[in-house]
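Numbering (the numbering used here), first residue to last: 2 to 134.
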């Protein structure tokens with residue numbers, strides 16, 4: 002008759018008390034620790050006042066180009082007056098020191114470039130370009 006070896010049960014340590022001790026230590030350190038609150042620094046921000054001063058001499062000439070390639074002038078008494086491309090010269094010859102070009106976002110770039118070159122030919126250096134939808 003063959004003898005059977007009795008299988009030994011693997012002995013594993015019981016981890017329950019170890020986990021209990023770890024949690025007790027964790028709770029102890031959380032309760033006994035002090036949480037440092039960072040002090041805040043009070044900063045006194047500077048204040049300023051801004052005034053928009055309209056200077057009649059430095060008022061910008063606004064050239065508006067719509068999607069149908071029509072030109073409009075917005076300058077002094079002429080509020081949104083339609084002009085031709087050639088009539089722009091008469092406004093640029095006057096005492097204009099700055100020009101704002103406003104164009105439709107679907108406008109061809111060549112139209113903007115033509116107006117910019119016309120403005121630069123008259124020696125006006127202050128130039129702004131805006132687009133609208």
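Quick reminder that beta carbons are idealized off the backbone N, C-alpha and C, glycines included. Just so you know, these numbers come straight off a predicted model, no measurement behind them.
query: Rounding to the nearest angstrom, what Cα-Cα distance links residue 117 and residue 100 in this structure?; result: 9 Å
query: Please identify the residue among 13, 61, 91 whose C-alpha is closest to the C-alpha of residue 77.; result: 61
query: Just the C-alpha distance for residue 46 and residue 36, rounded to the nearest angstrom, thanks.; result: 30 Å
query: Applying the criterion that 16 or more other CB atoms from any shown protein chain within 10 Å of the CB defines a buried residue, is residue 124 buried or exposed?; result: exposed
query: Measuring alpha carbon to alpha carbon, tell me which residue in 19, 95, 67 is nearest residue 102.; result: 67
query: To which residues of the same chain is residue 75 closer than 7 Å at the C-beta, ignoring the five residues directly before and after it?; result: 63, 65, 81
query: Does the Cβ-Cβ distance between residue 130 and residue 113 come in under 8 Å?; result: yes
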